[in-house]
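Accompanying notes for the structure given below.
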Amino acid sequence: MRKLLDAVLPIVNLGTSRFGSEDDWETLNDIEMAILGQRPLVLVHDSEKPTVVLDLEILRALLTDYLIEPTVNYDGGEVTIAAGQFGVLGFGSTLEEAIDDFIEELGVYAVKFFENSKAKQFDRVAYLTLLHFVLTPPDEQEALLLRHH
């Protein structure tokens, strides 16, 4: 498998680089060129696990199936949107207000979630679902949330 990976993806060994020398800037240029060409790239830094770098649009496309599936409840002039998988709620007197509140609360939750050093060890589906939401431009988040309805 490693041989195939080496053949398909460029591998950049960062060593102990702190990006101060001319060689380091050449490495950054190589990284940028791979990303601009929408080609995945593998970064290796000392003994850490290799990291794959992907173009943002490619990553978003890979996350397409990871959706937040909020429920909407109308109760006497109050609208509540809930994402049970995250325990996040949004409230409003209209659907639009509730969606705006929900998106704001989900953003707060996402920041706390990804600040948690063990987030990657959390439920992988939850991790990928939140990542999809975070990578979605703000003007597309509402449509993303309502996509399954």
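If you use our numbering, the sequence shown corresponds to residues 555 to 703, in order.
Virtual Cβ for every residue (Gly too), placed ideally from N, Cα, C.
Computed from a predicted structure; not experimentally measured.
The C-alpha of Thr-683 lies about 14 Å from the C-alpha of Val-642.
Excluding sequence positions up to five before and after Ala-664, its CB lies within less than 8 Å of the CB of Leu-684, Phe-687 and Val-688, all in the same chain and listed in chain order. Of Leu-608, Tyr-620 and Phe-645, the smallest CA-CA separation from Asp-677 is found for Tyr-620. Two segments are said to touch when three or more pairs of C-beta atoms, one from each, lie closer than 8 Å; by this definition the segment 610 to 617 does not touch the segment 648 to 664. For the 8 Å CB-CB criterion, Asn-627 and Thr-618 do not form a contact.
Around the Cβ of Leu-699, a 10 Å sphere holds 16 or more other Cβ atoms; the residue is buried. Here the alpha carbons of Leu-610 and Gln-639 stand approximately 25 Å from one another.
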